Amino acid sequence: GAVVSQHPSWVICKSGTSVKIECRSLDFQATTMFWYRQFPKQSLMLMATSNEGSKATYEQGVEKDKFLINHASLTLSTLTVTSAHPEDSSFYICSARDLWGAENQPQHFGDGTRLSIL
Amino acid sequence: AQKVTQAQTEISVVEKEDVTLDCVYETRDTTYYLFWYKQPPSGELVFLIRRNSFDEQNEISGRYSWNFQKSTSSFNFTITASQVVDSAVYFCALSDPNTGGFKTIFGAGTRLFVKA
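If you read the protein sequences in the order shown, they are chains S and U.
Last residue of the first sequence: number 118 in the working numbering, and the count goes up by one each step with no gaps.
Last residue of the second sequence: number 1116 in the working numbering, and the count goes up by one each step with no gaps.
Below, the structure written as structure tokens:
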């Protein structure tokens, strides 16, 4: 079945570091990918919609300059957390929709990235 | 505006009990899709079911069953004869095809504890 690979699974880094998370669709093309953030014991909150070849659409309250999204190809979207601080520590999950999938094709989720900023 | 409400924050049952997880949604659209996902402690999201707004037929899959009622905007999920492995957080979600890219909104989740 369709698989979305998210890398890395875990990141621990110092405050002020920029961290890049990759989301790849392995066996299908995805014009649209989504980035979610999940704080402990909370729900998934959509951060932005990543569109191949165009600018991402950010949800209200999400800092565009803080969370840089690039969707350069039909199989890859990246999220860069710039100058990360401890409050950015969270579980980040990406998902992708199959370009040729049926309208009710579920999003295919990556396994998530646990980001810890010290 | 779209909204998904899972009023039950946590549920605790004893193994072999049946348990129903409630989900109520709000949308102005006539075409939409509903989902249930399971998130075990390891964190990955496991897709369980999708339903489109035109299909109110209930579905059963093994010990899982879903009751979709448009009249009450509910999409409830029942686990029959629960098992310890069912312990997880369960999310109900709503996707709108009228929103660019089928953006999906998640409920707050219900944490299910199944005790042996």
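Each residue gets a CB set at the ideal place from its N, CA and C atoms; glycine is no exception.
All values reported here derive from a predicted model rather than from experimental measurement.
Query                                                                                                                                                          : Result
Flag U/Glu1044 as yes if its beta-carbon sits less than 8 Å from any beta-carbon of chain S, otherwise no.                                                     : yes
Give me the subset of the region 10–35 of chain S whose CB atoms are less than 9 Å from a CB atom of chain U, sorted by chain position.                        : Thr31, Thr32, Met33, Phe34
Mind checking whether S/Tyr92 and S/Thr113 have CB atoms under 8 Å apart?                                                                                      : yes
Helix, strand or coil: how does DSSP classify U/Ser1074 here?                                                                                                  : strand
So, using beta-carbon positions, are U/Leu1112 and U/Val1019 closer together than 8 Å?                                                                         : yes
Identify the continuous beta strand (DSSP E) that holds S/Ser116 and give its terminal residues.                                                               : 113–117
Taking only three categories from DSSP, how would you classify U/Val1085?                                                                                      : helix
Following the continuous beta strand (DSSP E) through S/His7, name the residue where it begins and the one where it ends.                                      : 4–7
On the DSSP bridge assignment, give the partners of U/Lys985 in chain order.                                                                                   : Outside the displayed range of chain U (1001 to 1116) lies residue 985 of chain U, so it cannot be described from this structure.
Is there contact between the region 1048–1064 of chain U and the region 1030–1040 of chain U, where contact requires at least three CB pairs shorter than 8 Å? : yes
For U/Thr1078, which residues in the same chain have their Cβ closer than 8 Å to its Cβ, ignoring the five residues on either side in sequence?                : Asp1018, Val1019, Thr1020, Leu1021, Tyr1064, Ser1065, Trp1066, Asn1067
Cβ of S/Ser54 less than 8 Å from any chain U Cβ?                                                                                                               : no
Measure the C-alpha to C-alpha separation of U/Thr1072 and S/Asn51 and round it to an integer number of angstroms.                                             : 35 Å
List in chain order: all unbroken beta strand (DSSP E) runs of 3+ residues lying wholly within the region 59–95 of chain S.                                    : 67–73, 76–81
Using the C-alpha atoms, what's the distance from S/Lys20 back to U/Asn1076?                                                                                   : 38 Å
Can you tell me whether DSSP reads U/Arg1028 as helix, strand or coil?                                                                                         : coil
Anything in chain U within Cβ reach of S/Asp111, meaning under 9 Å, just list it in chain order.                                                               : Ser1042, Gly1043, Glu1044, Leu1045
In whole angstroms, what is the alpha-carbon distance linking U/Cys1023 and U/Ala1081?                                                                         : 20 Å
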